[in-house]
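Each residue of the sequence shown is one higher than the last, beginning at 1 in full-length UniProt numbering.
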Amino acid sequence: MPEIKIKHVVSCSTEDTTHKADNLLSSDTYRKWKAARPGEKQTSVILQLEKEEQVHSIDIGNEGSAFIEVLVGNSSAVRDQDYEVLSQTKPVKIFLFLTILTSN
């Protein structure tokens, strides 16, 4: 299955000086994004996709987070309430944004 192309990072709540959110745009296998400080309560990144996609699987690395939540929405989403939790039980169309929220 081909990888979904990410157009750009829309926003990022925090990032390490080495492991920036822009690393998630890289096509190679080393694509780490980390918070500026270990143990932060909540971090998030909003990614804009190249085009509408159907997601079959997501590969997320975890370095100490107690909870990971993946939310989806479309380009008109402006508030947190405009996103929905991505369900593993049914395919979900992604319109433009993929949001990854982590809570340490």
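Positions of the beta carbon are idealized from the N, C-alpha and C atoms, including for glycine. All of these numbers come straight from a predicted model, not from anything done at the bench.
C-beta contact flag for residue i and residue j at 7 Å
{"i": "V72", "j": "E84", "result": "yes"}
{"i": "S57", "j": "S13", "result": "no"}
{"i": "V9", "j": "D28", "result": "no"}
{"i": "A36", "j": "D59", "result": "no"}
Where residue i sits in the DSSP three-state scheme
{"i": "L47", "result": "strand"}
{"i": "S103", "result": "Its pLDDT being 48, under 50, S103 is placed unreliably by the model, and nothing is read from it."}
Beta-carbon proximity list for residue i, same chain, < 6 Å, skipping 5 on both sides
{"i": "F95", "result": "Residue placement at F95 is flagged as unreliable, the pLDDT there being 41, under the threshold of 50; a coordinate-derived value is accordingly withheld."}
{"i": "D82", "result": "G73"}
Own chain partners of residue i with C-beta closer than 8 Å, once the 5 adjacent residues on each side are dropped
{"i": "I6", "result": "L24, L25, L47, Q48, L49, E50 and L98"}
Terminal residues of the beta strand (DSSP E) in which residue i lies
{"i": "G73", "result": "F67 to G73"}
{"i": "S11", "result": "I6 to C12"}
Same chain only: Cβ atoms within 7 Å of residue i, ignoring 5 sequence neighbours per side
{"i": "N62", "result": "I68"}
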